[in-house]
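Everything below concerns the one structure shown next.
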Amino acid sequence: GDLWYFPAGHPHSIQALGTGGCEFLLIFDDGNFSEDSTFLLTDWLAHVPTSVLSKNFRLSPEIFAHIPEKEKYIFTGALPADSASSDPYSETPSVARPKLQFTHKMLAQKPIPCPGGQVRITDTSNFPLSATVAAAHVTIAPGGIRELHWHPT
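Numbering-wise, the sequence shown is residues -6 to 146 according to my numbering.
Shown next, in the form of structure tokens:
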């Protein structure tokens, strides 16, 4: 039920901690965009000589011995020793909380009753950062029907 907004060109990752993993729907606001054209750090590192990485990061070349030979889009990693805080800003008071939030808890919204069920709508009125994408979470009651509609674009 959470929505995450990643601005174009900003590095990001999603980590599913624990045994349950993570399921997500990837949405782009450009109909011509493909995840295949996404810049991946693993792909870039695979093309940089180990000696250059070592010199750049001032680390031993052995540190980079296990870099994948090609891009890794989705992969299993190790769990960290301690889990991430649910509120990282509480641990670092000198770091200002951003004016706009990059996450939105859609299922925490109060549902809007409608004939045959209920709906939660997320748009710029409640998730200002997501200016080009809106979403609706529709729950259809038993025996209900969702109104017929189409999307011409």
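Every residue gets a Cβ at the ideal spot worked out from N, C-alpha and C, and that includes glycine.
Distance from the CA of Ala128 to the CA of His144, rounded to the nearest whole angstrom, comes to 13 Å. Going by DSSP, Ala129 is part of no alpha helix (DSSP H) but of the beta strand (DSSP E) stretching over 128 to 133.
For the options Pro106, Gln111, Glu16, His5, the alpha carbon positioned closest to that of Phe32 is the one of His5.
Looking at the DSSP output, Val112 shares a beta bridge with Ile105, Val131.
For the stretch 30 to 71, the full-length alpha helix (DSSP H) segments reaching 4 residues or more read 34 to 39, 43 to 50 along the chain. Under the 8 Å Cβ criterion, the stretch 108 to 122 counts as touching the stretch 132 to 143, having at least three qualifying pairs.
Contact annotation: Tyr(-2) and Ser87 have beta-carbon atoms that are not nearer than 8 Å. By the 16-neighbour rule on beta-carbons within 10 angstroms, His97 is buried. Of the candidates Pro104, Gly(-6), Cys15, Pro104 places its Cα closest to the Cα of Ala134.
Taking C-beta atoms as the reference points, Met99 and His130 count as a pair closer than 8 Å. Thr117: not part of any beta strand (DSSP E); DSSP gives it neither H nor E.
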